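**Student:**
2 protein chains.
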Amino acid sequence: MKISAQSYYGLKAVTFLAKESRVFSVKEIADGERIPYDYLEKIMQKLTRAGLVTSKRGSAGGYSLKRPSSKITAKDILTALDEAILPILCVMSNKSRSYCIMEKTCLSKNVWQRMQKAINYSLNSITLADLVYVNPKKSKR
Amino acid sequence: MKISAQSYYGLKAVTFLAKESRVFSVKEIADGERIPYDYLEKIMQKLTRAGLVTSKRGSAGGYSLKRPSSKITAKDILTALDEAILPILCVMSNKSRSYCIMEKTCLSKNVWQRMQKAINYSLNSITLADLVYVNPKKSKR
DNA sequence: ATTAAATCGGACTTAATAAATCCGATTTTT
DNA sequence: AAAAATCGGATTTATTAAGTCCGATTTAAT
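Chains as they are written, first to last, in the numbering used here: chain A, 833 to 973; chain B, 833 to 973.
1) Are A/Thr959 and A/Ser902 touching if we call contact CB-CB under 7 Å?
2) I'd like to check one pair, A/Ile835 with B/Met833: are the Cβ atoms closer than 7 Å?
3) Going by alpha carbons, who is nearest to B/Tyr871 out of B/Ile904, B/Ser896, B/Val966, B/Tyr841?
4) Enumerate in chain order the residues of its own chain whose CB-to-CB distance from B/Glu860 is below 8 Å, with the five nearest sequence positions on each side excluded.
5) Under 8 Å Cβ to Cβ from A/Gly883, same chain only, skipping five residues before and after it: list those, please.
6) Name the one or two DSSP bridge partners that A/Leu897 has.
7) Tell me, please, which residues DSSP counts as bridged to B/Phe856.
8) Around the C-beta of A/Ala892, are 16 or more other C-beta atoms found within 10 angstroms, so that it is buried, or is it exposed?
9) Looking at chain A, is there any beta carbon in it that lies within less than 7 Å of the beta carbon of B/Leu963?
10) On a CA-only basis, which of B/Ile875, B/Arg854, B/Leu849 is nearest B/Gln838? Give me that one, please.
11) For A/Arg946, return the contacting residues in chain B, with the cut-off set at a CB-CB distance below 7 Å.
12) From the DSSP output, which residues share a beta bridge with B/Lys834?
13) So is B/Asp863 buried or exposed if we call it buried at 16+ other beta carbons inside 10 Å?
14) State the Cα-Cα distance for the pair B/Lys927 and B/Ser853, rounded to the nearest angstrom.
15) So if DSSP puts B/Thr905 in a beta bridge, which residue, or which two residues, is it bridged to?
16) Do we get a CB-CB distance below 7 Å when we pair B/Leu939 with the residues of chain A?
17) Using beta carbons (cut-off 7 Å, strictly below), is B/Ile875 in contact with chain A?
18) Find the residues of chain A that neighbour B/Asp863, judging by a C-beta separation of less than 7 Å, and give them in chain order.
19) Closer than 7 Å by beta-carbon distance: list the chain B residues that pair up with A/Ser902, in chain order.
20) Below 8 Å on the Cβ atoms is my contact criterion, and I expect A/Lys941 with A/Leu913 to pass it. Report the Cβ-Cβ distance as a whole number of Å.
21) Quick one: Cα of A/Val858 to Cα of B/Ala950, how far?
22) Can you give me the Cβ contacts of B/Asn956 inside the same chain, cut-off strictly under 7 Å, excluding the 5 residues immediately before and after it?
23) Mind listing the chain B neighbours of A/Ile867? Cutoff is C-beta to C-beta under 9 Å, in chain order.
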């Protein structure tokens, strides 16, 4: 199993935005979070299309969160970028890839389903606000 | 995110073994679960080295579970095959890949950690016995 | 008006690695 | 001795993610 760089970068970018509610250019984010500029550009566009951030074009343009950080979950970000959190043939809704013939009798499928549920539950419960307004005992920087 | 074919096949193979406690050849498993023979051979060897199945060489040889199916978890299988359930740089114990410089201040790291926990908890709670002796009424969810 | 600084979209290239295959050696049963 | 297995290492192939590039468009500031 593996988390894509897109999710990894994307979540970083979006928490960066969540720290201050203003417009940030891709350059600012890329520098701040050390993400390859061109790649991040693509990621931000994806997030825009998914309705999670808004873009402002032209000079002095950039990106900002579309909703308050408390209304955006980690799950929102990851599904926007990776489209399937757990792309296992028999669990996926999108059956684009080779379809499992044994689906009906497959015992191990239960594992993927339960795992899927656990992941969804976990990710749905984390908002960007949770990440940014972190427990102050830990650090105040 | 993605589950490797190895985990996918491996779990299938091992649930296959769990259904009957005798020795199965790779050929039997491969045919039964429709897994590429040569590839499955490798997977079984990995599981053997991990101490989850035992192999018997020579004619009439094959593989069987090393422990009772109630003592082997889905987590056991997946970690044996994929070595890291969630290979995210900042969460991985093995820092072989490019190391995250911002580890200390990284906010999004919390997501990966929580997710990791949720996955581990889920997978640890599923034994092969659970999968094989499935509740006939399917009321247990 | 012109220029500079952005996003946008699509095409392309590169790199990584998973997936699959192949082969010869060894072990064990019949 | 032959047949049926596992074993282990090397190799090949395929997939796709990751990253790059370029030209078009939009917008703000000078």
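Heads up, the beta-carbon is just placed ideally off N, CA and C, and yes, glycines get one too. Note that the coordinates shown come from a computational prediction; the quantities given were computed from them, not determined experimentally.
**Tutor:** Based on what the coordinates show:
1) Counted from its first residue, the first sequence places residue 959 of chain A at position 127. Counted from its first residue, the first sequence places residue 902 of chain A at position 70. For A/Thr959 and A/Ser902, yes; Cβs fall inside 7 Å.
2) What you label residue 833 of chain B is simply residue 1 of the second sequence in a count that begins at 1. What you label residue 835 of chain A is simply residue 3 of the first sequence in a count that begins at 1. Result yes, Cβ atoms of B/Met833 and A/Ile835 sit closer than 7 Å.
3) By one-based count along the second sequence, residue 871 of chain B stands at place 39. Comparing Cα positions, the closest option is B/Tyr841.
4) By 1-based counting over the second sequence, the position of residue 860 of chain B is 28. Once the five neighbours on either side are set aside, the close Cβ partners of B/Glu860 are Gly894.
5) If you number the first sequence from 1, residue 883 of chain A lands on position 51. Answer for A/Gly883: Lys898, listed in chain order.
6) Taking the first sequence and counting its residues from 1, one reaches residue 897 of chain A at position 65. In DSSP, A/Leu897 forms a bridge with A/Val885.
7) Locating residue 856 of chain B in the second sequence gives position 24, counting from the first residue. Looking at the DSSP assignment, B/Phe856 forms a beta bridge with B/Tyr895.
8) Counted from its first residue, the first sequence places residue 892 of chain A at position 60. With fewer than 16 other Cβ atoms within 10 Å, it is exposed.
9) The sequence position of residue 963 of chain B within the second sequence is 131, counting from 1. Taking Cβ atoms only, chain A reaches closer than 7 Å to B/Leu963, which makes this a yes.
10) Position 6 of the second sequence holds residue 838 of chain B. For B/Gln838, the nearest C-alpha among the options comes from B/Ile875.
11) Along the first sequence, one-based indexing puts residue 946 of chain A at 114. What A/Arg946 touches in chain B: Ser954, Ile958.
12) Working through the second sequence from its first residue, we reach residue 834 of chain B at position 2. Beta-bridge pairing links B/Lys834 to A/Lys834.
13) If you number the second sequence from 1, residue 863 of chain B lands on position 31. When all chains shown are included, B/Asp863 counts as exposed.
14) Here residue 927 of chain B corresponds to residue number 95 of the second sequence, with the count starting at 1. Here residue 853 of chain B corresponds to residue number 21 of the second sequence, with the count starting at 1. Legend: pLDDT at B/Lys927 = 38, less than 50; position of this residue unreliable, no value from coordinates given.
15) As a working mapping, residue 905 of chain B is identified with position 73 in the second sequence. B/Thr905 is bridged to B/Thr959.
16) For the purposes of this step, residue 939 of chain B is taken as the residue at position 107 of the second sequence. Yes, B/Leu939 lies at the interface with chain A (some Cβ there is under 7 Å from its Cβ).
17) Here residue 875 of chain B refers to the residue found at position 43 of the second sequence. No, its Cβ sits nowhere closer than 7 Å to a Cβ of chain A.
18) For the purposes of this step, residue 863 of chain B is taken as the residue at position 31 of the second sequence. Per Cβ cutoff of 7 Å: no residues; B/Asp863 is ~12 Å from chain A at best.
19) Start at 1 with the first residue of the first sequence, and residue 902 of chain A comes out as number 70. By Cβ distance, chain B contributes nothing, its closest Cβ being about 15 Å from A/Ser902, past 7 Å.
20) Position 109 of the first sequence, counted from the start, is the residue given in the question as residue 941 of chain A. Position 81 of the first sequence, counted from the start, is the residue given in the question as residue 913 of chain A. A/Lys941 to A/Leu913, Cβ: 25 Å. No contact.
21) Indexing the first sequence from 1 puts residue 858 of chain A at position 26. Indexing the second sequence from 1 puts residue 950 of chain B at position 118. Cα-Cα distance, rounded: 32 Å.
22) Indexing the second sequence from 1 puts residue 956 of chain B at position 124. Contacts found: Thr905, Lys907.
23) The residue labelled residue 867 of chain A in the question sits at position 35 within the first sequence. In chain order: nothing, as chain B lies at least about 11 Å away.
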